[in-house]
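Trainee:
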Amino acid sequence: MLDIKLIRENPELVRDGMRRKCVDPQVVDNVLKLDEERRELRKQTEAEQARLNESSQKMATASPEERETLRADLRTLSDGIQDKNNKLGELDERFLVLMRIIPNIPDADVPDGKTDKENVVIRTEGVKREFGFTPKDHEELAQALDLLDMERGVKVSGAKFYYLKNQLVILENAVLRFALDVLRGKGFTLMTVPNMARADAFYGAGHFSTPEDAEDGDAYRLERDNLYLVGTAEVGLVNYHADETLKEGDLPLRYAGISPCYRREAGTYGKETRGLYRVHQFNKVEMVTLVRPEDSVREHSMLLAVAEELLTKLGLHYQVVLNCAGDLGQPQSKKWDIETWMPGMGKYGETHSCSNDTDYQARTLNIKYRVNAQEKATAYVHTLNNTALASPRILIALLENYQEEDGSITIPEVLRPYTGFDRISRA
RNA sequence: GGAGAGGUGGCUGAGUGGUCGAAAGCAGCGGUUUCGAAAACCGCCAUACGGGCAACUGUAUCUAGGGUUCGAAUCCCUACCUCUCCGCCA
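Count along the first sequence starting at 1, add 1015, and that's the number in the working numbering.
1. Taking C-beta to C-beta, are A1403 and M1302 nearer than 7 Å?
2. Taking the beta strand (DSSP E) that Y1243 belongs to, which residues open and close that run?
3. Which residues in the same chain have their Cβ closer than 6 Å to the Cβ of K1175, if we skip the five residues on either side of it in sequence?
4. Three or more beta-carbon pairs under 8 Å between the region 1376-1385 and the region 1316-1324, yes or no?
5. Could you tell me which uninterrupted alpha helix (DSSP H) segments, each at least 4 residues in length, are contained entirely in the region 1190-1239, listed from first to last along the chain?
6. Could you tell me which uninterrupted beta strand (DSSP E) segments, each at least 3 residues in length, are contained entirely in the region 1114-1194, listed from first to last along the chain?
7. Can you tell which of D1124, V1336, A1412 has its C-alpha closest to the C-alpha of G1330?
8. Quick test of the definition: if touching needs 3 or more C-beta pairs under 8 Å, does the region 1119-1133 touch the region 1048-1059?
9. So S1316 is in the alpha helix (DSSP H); what residue range does that whole segment cover?
10. In chain order, what residues of the same chain have a beta carbon less than 6 Å from the beta carbon of V1136, not counting five sequence neighbours either side?
11. A1394 to L1261, Cα distance in whole Å?
12. Decide yes or no for the touch test of the region 1112-1127 against the region 1021-1033: beta carbon pairs closer than 8 Å, at least 3 of them.
13. If you follow the beta strand (DSSP E) that V1303 is in, where does it begin and where does it stop?
14. Less than 6 Å separating the Cβ of F1176 from some heavy atom of the ligand NAD?
15. Compare the C-alpha of Q1376 against each of L1237, K1362, G1344 and name the closest.
16. Which residues in the same chain have their Cβ closer than 8 Å to the Cβ of E1133, if we skip the five residues on either side of it in sequence?
17. Below 8 Å on the Cβ atoms is my contact criterion, and I expect A1212 with V1245 to pass it. Report the Cβ-Cβ distance as a whole number of Å.
18. Going by the beta-carbon positions, is the gap between G1219 and A1257 smaller than 7 Å?
19. Among residues of its own chain, excluding the 5 on either side of M980, which ones have a beta-carbon nearer than 8 Å to its beta-carbon?
20. How would you write the range of the beta strand (DSSP E) that M1357 sits in, first residue to last?
21. Identify every residue that forms a DSSP beta bridge with K1262.
22. Ends of the beta strand (DSSP E) at K1362?
23. Suppose the cutoff is 8 Å on Cβ atoms and the five residues either side in sequence are ignored; what does the same chain contact list for G1085 look like?
24. Does the structure place the region 1265-1280 close enough to the region 1297-1315 that three or more beta carbon pairs sit under 8 Å?
25. Tell me which same chain residues have a C-beta within less than 8 Å of the C-beta of V1312, skipping the five on either side of it?
26. Closest to F1148 by CA distance: which of S1172, P1427, V1046, D1421 is it?
27. Should N1298 and P1275 be called a contact, given that it needs their Cβ atoms to be closer than 7 Å?
28. Pull up the distance between the alpha-carbon of S1406 and that of R1144, whole angstroms please.
29. Select from L1191, R1138, T1207, Y1277 the residue whose C-alpha is nearest the C-alpha of E1354.
30. Going by beta carbon distance, what residues of the same chain come within less than 7 Å of R1236, once the five residues before and after it are set aside?
31. Thinking C-alpha only, which one of R1378, S1093, L1183 is nearest D1018?
32. Just to confirm my understanding: we take V1208, look at its own chain, exclude 5 residues before and 5 after, and list those with CB closer than 7 Å. What are they?
33. Can you give the beta carbon distance from H1332 to C1369, rounded, assuming they're within the 8 Å contact cut?
34. Does the separation of the CB atoms of K1366 and I1424 fall below 7 Å?
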């Protein structure tokens, strides 16, 4: 969430950010009104509580007769405080609900726009391969090589579930392992994470902001156990240090988490339904870092560069896109997507998403650090995240870009140590 | 899944209704001593929010949320977590 002080002192800045994110800024007024009410009520309640505390002290040493007379008075006072506290609790709860609705403010660099159509391509990298034949899409390629079974995925679990088979299983693992090794080399701490988490963890990550999100949002829900399946390792990674005060010397903290990712993809039926592009379950290596506020802009670029390095090593052609304000998620202040060229599908497909969430998640999660320069001072960290590599989308890119005319697939050089084969072809 | 025992400050641990934000010890910080260090001794040592120029002061916090009471770390309920035994299990 945002700092209430910021909202108090600069409401127009917040409203403007909300307009840019295409969210109704009305909430700001409601928040300010509630804030005022609860502060006033809290002041009154505390004053009465102080009186009660003082009088209660006297009871300890009072004579039995004095006690009886005092007790009735104090009862009344106590009941009044009780009422006020109940009201205060309601106000606080309503206040929190509204605070969670207010999204992070888009960075000044972020272009205006409502949907991903208004995202801005800022760079194109790598070489787009020229084919001497008409490239097939990954589904056709994979089916022909017995690497994929969509039909039976549907039979067992429904639409958008799938089976990977044979060398594609190896290739998937190769890609993920490759990402882990590169990140480890860069000093990231590797982690597996809880793949289910409580609603709180999702609120903390900013992936839920309303009870409706928890009820019928994009996360799969295990109702009986009050858990949700994570849509990304980010949930586990960003919650890792929740409620901790770190030392400035500990920062930056850089984590690479590997996890399955589960997404209901509600409302996306009919969009990009072909093949493995949009599925309910996939595996991903995700980067999350915690840094000092003054370092987050540089860190954001660094995370982008890491992802680009991975793609470059894989020999893939991609473009970097700066997301418009309307396409930013709740906790994000600035985001680049990387879209990798998928010749069979004939388009650039989103394979990476690199966000700076500034102190938005950290404030909700209460992750601070001790500032060395000032004694006793603490500040919220900034949190950032980016995809390292995500299967199966990266498999789409690999299959489609490395296909040969005979339908076989060449394995990129860097993956061969992991696959143990350099080509997938019909047996 | 069944039965039981617990959750107190950075750590260990005392506290079973009032004077408890919480003894004591350890760790940490400052000082005395010392050429320096160790030891010893003395002092300091939680956080959040509010009021005040400040000294200071109010409120809350003993896992969390509710309840009983004039008053709760202490009694009751619920959730979460930990441990022990049994069962089951990769």
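Beta carbons: idealized from backbone N, C-alpha and C, even for Gly.
Mentor: On the basis of the data shown:
1. It is a contact, given that the beta carbons lie within the stated cut-off.
2. Element bounds for Y1243: 1242-1244.
3. In chain order, V1294, H1295 place their CB closer than 6 Å to the CB of K1175, counting only its own chain and leaving out the 5 sequence neighbours on each side.
4. Short answer: they don't touch.
5. Listed in chain order, they are 1214-1220, 1226-1231.
6. You should have 1135-1140.
7. Nearest neighbour of G1330 by Cα position, chosen from D1124, V1336, A1412, turns out to be A1412.
8. Counting C-beta pairs closer than 8 Å gives fewer than three between the region 1119-1133 and the region 1048-1059, which falls short of the contact rule.
9. Bounds of the alpha helix (DSSP H) holding S1316 are 1311-1328.
10. The beta carbon of V1136 is closer than 6 Å to those of Q1334, V1336 in its chain, skipping five residues each way along the sequence.
11. Near 10 Å, if we compare the C-alpha coordinates of L1261 and A1394.
12. Counting Cβ pairs under 8 Å, three or more are found: they touch.
13. DSSP places V1303 inside the beta strand (DSSP E), whose first and last residues are 1296-1306.
14. This structure does not include the ligand NAD; it has no bound ligands of any sort.
15. Ranking L1237, K1362, G1344 by CA distance to the CA of Q1376 puts G1344 first.
16. P1126, D1127, C1339, G1341, D1342, listed in sequence order.
17. About 6 Å separates the two Cβ atoms, so the contact holds.
18. Yes.
19. Here the chain has residues from 1016 to 1442 only, and residue 980 is not among them.
20. Segment 1349-1357, the beta strand (DSSP E) holding M1357.
21. Paired residues: R1385.
22. Residues 1362-1371.
23. Gly is not the amino acid found at residue 1085; the sequence shown has Leu there. If we look at L1085 and ignore the five residues flanking it on each side, its Cβ neighbours are S1070, K1073, M1074, A1077.
24. Yes, the region 1297-1315 is in contact with the region 1265-1280.
25. Apart from sequence neighbours up to five positions away, the residues of its chain that approach V1312 with a beta-carbon distance below 8 Å are N1371, ordered along the chain.
26. Among S1172, P1427, V1046, D1421, the Cα nearest to that of F1148 is on D1421.
27. Yes, these two residues count as a Cβ contact at 7 Å.
28. If I take the Cα positions, the gap works out to 21 Å.
29. Checked all of L1191, R1138, T1207, Y1277; the closest Cα to E1354 is R1138.
30. Only Y1243 meet the Cβ criterion.
31. The shortest C-alpha separation from D1018 is found at R1378.
32. Cβ-Cβ distances below 7 Å link V1208 to A1248, G1251, L1252, G1272, S1274 in the same chain, with the five nearest sequence neighbours on each side left out; the list follows chain order.
33. Not quite, the Cβ-Cβ distance comes to about 18 Å (not below 8 Å), so this is no contact.
34. Before going on, a small fix: residue 1366 reads as Thr here, not Lys. Cβ distance not < 7 Å, so T1366 and I1424 don't count as in contact.
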